[in-house]
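See below for the structure under consideration.
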Amino acid sequence: MEKENDKKQPFPWGKVGRYAGVALKYAMLVIFALLVLVPLFWVGMSSLKTTEEINANAFAFPSKIYFQNYVNAWNRANMGSYFGHSILLTAGSLALLIVLAVPCSYTLSRFKFRGRNAIRLVFMSGLFININYIVLPLYLMIFGAGKAIGVGTGLTNNYFTVAILYATTSLSFSIYLMNSYFAGLSPSFEEAAKIDGCGYFKTFLYICAPLALPSILTVILFNFLSYWNEYMLAINFLSPDRSTLPVGLLRIMRESKAASDLGRMYAGLMLVMVPVLIVYACVQGQLTKGVTVGGVKG
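Under this note's numbering, read the sequence shown as residues 309 to 606, first letter to last.
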């Protein structure tokens with residue numbers, strides 16, 4: 309009887325251990341959240357202070373809201389033009405990526421043909437290539453192609469060229485992300501479309517692509533963040549008057565430090581970060597759903 313009672317009694321450290329584990333988990337989450345939020349809050353607070361206030365006490369709250377930093381960053385530092393360039397390049401790159409990645413992913417996941425595995429292997433190998441290591445070869449290749457066809461630097465200092473580079477360098481990841489979703493679609497959809505007289509293209513366009521919309525939106529959101537913050541290709545391929553926000557931000561930081569205008573520098577940082585934060589806050593649920601659904605389908 310004593311042995312049976314001993315077995316029924318819970319081990320005193322069991323519940324304590326569980327609570328300690330939960331407390332440690334939440335403590336780590338809070339720490340990581342603070343590591344992200346505190347710098348953002350500090351930059352935002354500094355962007356509303358004068359340079360004199362920042363130099364006096366960088367961690368104090370502003371004595372009054374000073375929006376002139378944003379006006380100076382937008383007008384005098386040309387951040388308005390950089391903002392427009394980034395929107396144009398990001399939108400064009402995403403459109404090109406979707407046109408290329410969605411049909412490729414659908415074809416590789418839904419059709420069996422000779423060489424399919426070899427093509428898939430070629431695409432997947434792109435996941436292991438860091439774009440920073442091939443910027444110089446890409447520039448020399450495109451610059452040489454421009455000279456060969458007689459346009460000089462017309463191919464390098466060109467938004468369309470950079471958009472092609474953005475789209476193609478992220479093609480492997482996008483195909484990988486959508487492949488599992490397309491592979492998990494039931495063949496009954498295609499069979500029903502075939503009975504109704506739809507060919508391969510109509511089946512893809514009107515049946516399978518809409519069904520894969522969560523995965524497509526996830527690809528768009530992931531690559532939006534990548535394109536918006538991209539720096540290496542933009543600074544090497546585009547002239548200063550066509551710069552994007554990350555490149556323009558580097559210039560404004562240099563100018564602001566030289567002119568001791570720290571408020572304008574922090575305002576420039578906020579102008580780069582705010583659109584990304586707004587987009588992520590609006591679509592984080594869809595982003596999580598797309599990744600989860602794609603993983604389940606696979």
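Where is the CB? At the ideal position from N, CA and C, for every residue including glycine. Here the structure is a predicted model, which is why all the values come from computation and not from measurement.
Exercise. Using the Cα positions of Ala-364 and Lys-357, report the straight-line distance between them to the nearest angstrom.
Key: Walking along the sequence shown from the start, residue 364 turns up at place 56. Walking along the sequence shown from the start, residue 357 turns up at place 49. Going from the Cα of Ala-364 to the Cα of Lys-357 covers about 11 Å.
Practice problem: Can you tell me which of the three DSSP states Glu-360 falls into? | Solution: As a first step, residue 360 must be located in the sequence shown, where it is residue number 52. In the structure shown, Glu-360 adopts helical secondary structure according to DSSP, grouped into three states.
Quiz item: Assuming Asn-487 contacts Ser-413 under a Cβ cut-off of 8 Å, what Cβ separation, rounded to an integer in Å, is found between them?
Solution: Mapped onto the sequence shown, residue 487 falls at position 179. Mapped onto the sequence shown, residue 413 falls at position 105. Asn-487 to Ser-413, Cβ: 5 Å. Contact.
Quiz item: Can you tell me the Cα-Cα spacing of Leu-463 and Ile-439, whole angstroms?
Solution: Here residue 463 refers to the residue found at position 155 of the sequence shown. Here residue 439 refers to the residue found at position 131 of the sequence shown. C-alpha separation (whole angstroms): 19 Å.
Self-check item: Counted within 10 angstroms of its Cβ, other Cβ atoms place Met-336 as buried (16 or more) or exposed
Solution: Taking the sequence shown and counting its residues from 1, the one referred to as residue 336 is at position 28. The Cβ neighbour count for Met-336, taken over all protein chains shown within 10 Å, is under 16; the residue is labelled exposed.
Quiz prompt | Straight-line gap, Glu-499 to Tyr-489 (C-alpha atoms, nearest Å) | solution = For the purposes of this step, residue 499 is identified with residue 191 of the sequence shown, where counting begins at 1. For the purposes of this step, residue 489 is identified with residue 181 of the sequence shown, where counting begins at 1. Spanning the alpha carbons of Glu-499 and Tyr-489 requires a straight line of approximately 18 Å.
Self-check item: Start-to-end residues for the alpha helix (DSSP H) that takes in Trp-536
Solution: Indexing the sequence shown from 1 puts residue 536 at position 228. Looking at the DSSP string, the run of the alpha helix (DSSP H) that includes Trp-536 is 521-536.
Exercise. Would you identify the three-state DSSP class for Arg-422, choosing helix, strand or coil?
Key: Position 114 of the sequence shown holds residue 422. In this structure, DSSP gives Arg-422 a state outside helix and strand, which the three-state scheme calls coil.
Quiz item: Can you tell which of Ala-385, Pro-583, Ile-472 has its C-alpha closest to the C-alpha of Arg-562?
Solution: Along the sequence shown, read from residue 1 onward, the residue named residue 562 stands at position 254. Closest by C-alpha distance to Arg-562, out of Ala-385, Pro-583, Ile-472, is Ala-385.
Quiz item: Contact between the stretch 545-558 and the stretch 411-429: three or more CB pairs below 8 Å?
Solution: Counting C-beta pairs with one atom in each stretch, the stretch 545-558 and the stretch 411-429 have fewer than three that are closer than 8 Å, which means they do not touch.
Quiz prompt | Tyr-539 - DSSP class collapsed to helix/strand/coil | solution = The count along the sequence shown starts at 1 and reaches residue 539 at position 231. In the three-state scheme derived from DSSP, where H, G and I count as helix and E and B as strand, Tyr-539 is classed as coil.
Quiz item: When DSSP labels each residue in this structure, what does Ile-442 get in the three-state scheme?
Solution: Counting from 1 along the sequence shown, the entry for residue 442 is found at position 134. Here Ile-442 sits in coil by DSSP.
Self-check item: Residue range of the alpha helix (DSSP H) that includes Phe-497
Solution: Translated into the one-based positions of the sequence shown, residue 497 becomes position 189. For Phe-497, the enclosing alpha helix (DSSP H) covers residues 495-503.
Self-check item: Same chain only: Cβ atoms within 8 Å of Ala-517, ignoring 5 sequence neighbours per side
Solution: Residue 517 sits at position 209 when you count from the first residue of the sequence shown. When the five nearest sequence neighbours on each side are left out, the beta carbons in the same chain lying within less than 8 Å of the beta carbon of Ala-517 are those of Val-410, Tyr-414, Ile-524, in order along the chain.
Practice problem: Just the C-alpha distance for Gln-592 and Met-540, rounded to the nearest angstrom, thanks. | Solution: For the purposes of this step, residue 592 is taken as the residue at position 284 of the sequence shown. For the purposes of this step, residue 540 is taken as the residue at position 232 of the sequence shown. Spanning the alpha carbons of Gln-592 and Met-540 requires a straight line of approximately 27 Å.
Quiz item: CA-CA distance, Cys-590 and Ile-483?
Solution: For this step, residue 590 is matched to residue 282 along the sequence shown. For this step, residue 483 is matched to residue 175 along the sequence shown. Approximately 24 Å, taken between the alpha carbons.
Quiz prompt | Assigned secondary structure, Leu-343 (DSSP; H/G/I helix, E/B strand, else coil) | solution = For this step, residue 343 is matched to residue 35 along the sequence shown. In the structure shown, Leu-343 sits in a helix (DSSP, three-state: H, G or I).
Self-check item: Sequence-distant residues of its chain with Cβ nearer than 7 Å to Leu-485 (five each side left out)
Solution: For the purposes of this step, residue 485 is taken as residue 177 along the sequence shown, with counting starting at 1. For Leu-485, where only same-chain residues beyond five positions count, the Cβ hits under 7 Å are Ser-523, Thr-526, Val-527, Gly-602.
Exercise. Give the range of the alpha helix (DSSP H) segment to which Ala-491 is assigned.
Key: Reading the sequence shown from its first residue, position 183 is the one you call residue 491. Ala-491 -> alpha helix (DSSP H) spans 479-491.
Practice problem: Take the Cβ of Arg-572 as the centre, count every other Cβ of all protein chains shown within 10 Å, and call the residue buried at 16 or more, exposed below. | Solution: Here residue 572 refers to the residue found at position 264 when the sequence shown is read from its first residue. With a threshold of 16 other beta carbon atoms within 10 Å, Arg-572 meets it and is buried.
Exercise. Could you name the residues of the same chain whose beta carbon sits closer than 6 Å to that of Gly-606, not counting the 5 residues immediately before and after it, in chain order?
Key: Start at 1 with the first residue of the sequence shown, and residue 606 comes out as number 298. Only weak support is given to the placement of Gly-606: the predicted model assigns it a pLDDT of 45, under 50, and the value that follows is read from those uncertain coordinates. Cβ neighbours of Gly-606 beyond the five flanking positions: Ser-488.
Quiz item: DSSP on Leu-463, reduced to helix/strand/coil?
Solution: As a first step, residue 463 must be located in the sequence shown, where it is residue number 155. Leu-463 sits in coil when the DSSP states are folded into three classes, being neither helix nor strand.
Practice problem: Just mark Trp-536 as buried or exposed, buried being the case when its beta carbon has 16 or more other beta carbons within 10 Å. | Solution: For this step, residue 536 is matched to residue 228 along the sequence shown. By the neighbour-count rule (16 or more Cβ atoms within 10 Å), Trp-536 is buried.
Exercise. Specify whether the stretch 369-389 and the stretch 569-584 touch according to this definition: at least 3 beta carbon pairs, one from each stretch, less than 8 Å apart.
Key: In short, these stretches touch, since the Cβ pair count reaches three.
Quiz prompt | Phe-367 - containing alpha helix (DSSP H), residue span | solution = Numbered from 1 along the sequence shown, position 59 holds the residue referred to as residue 367. Taken as a continuous stretch (DSSP letters only), Phe-367 belongs to no alpha helix (DSSP H), as it is neither H nor E.
Quiz prompt | contact_flag[the stretch 467-475, the stretch 397-405] where n(CB pairs < 8 Å) is 3 or more | solution = Touching, yes, given that three or more Cβ pairs across the two stretches are closer than 8 Å.
Quiz item: So what's Leu-337 in DSSP terms, helix, strand or just coil?
Solution: Along the sequence shown, one-based indexing puts residue 337 at 29. In the three-state scheme derived from DSSP, where H, G and I count as helix and E and B as strand, Leu-337 is classed as helix.
Quiz item: So what does DSSP say about Met-309, is it helix, strand or coil?
Solution: Indexing the sequence shown from 1 puts residue 309 at position 1. With a pLDDT of 47 at Met-309, under the threshold of 50, the modelled position of that residue is not reliable, and no figure is offered here.
Quiz item: Among Leu-342, Ile-362, Phe-349, which one has its Cα closest to the Cα of Leu-570?
Solution: Here residue 570 refers to the residue found at position 262 of the sequence shown. It is Ile-362 whose Cα lies nearest to the Cα of Leu-570.
Exercise. May I have the straight-line CA-CA distance separating Leu-493 from Leu-519, to the nearest angstrom?
Key: To locate residue 493, count along the sequence shown from 1; it is residue 185. To locate residue 519, count along the sequence shown from 1; it is residue 211. Going by the C-alpha atoms only, they are around 8 Å apart.
Quiz item: Would a C-beta distance cut-off of 7 Å place Leu-553 and Val-580 closer than the cut-off?
Solution: Here residue 553 refers to the residue found at position 245 when the sequence shown is read from its first residue. Here residue 580 refers to the residue found at position 272 when the sequence shown is read from its first residue. In this structure, Val-580 lies closer than 7 Å to Leu-553 by Cβ.
Quiz prompt | Whole-angstrom C-beta distance between Thr-359 and Ser-568, which should lie under 8 Å | solution = If you number the sequence shown from 1, residue 568 lands on position 260. If you number the sequence shown from 1, residue 359 lands on position 51. The pair is a contact, with the Cβ atoms about 6 Å apart (cut-off 8 Å).
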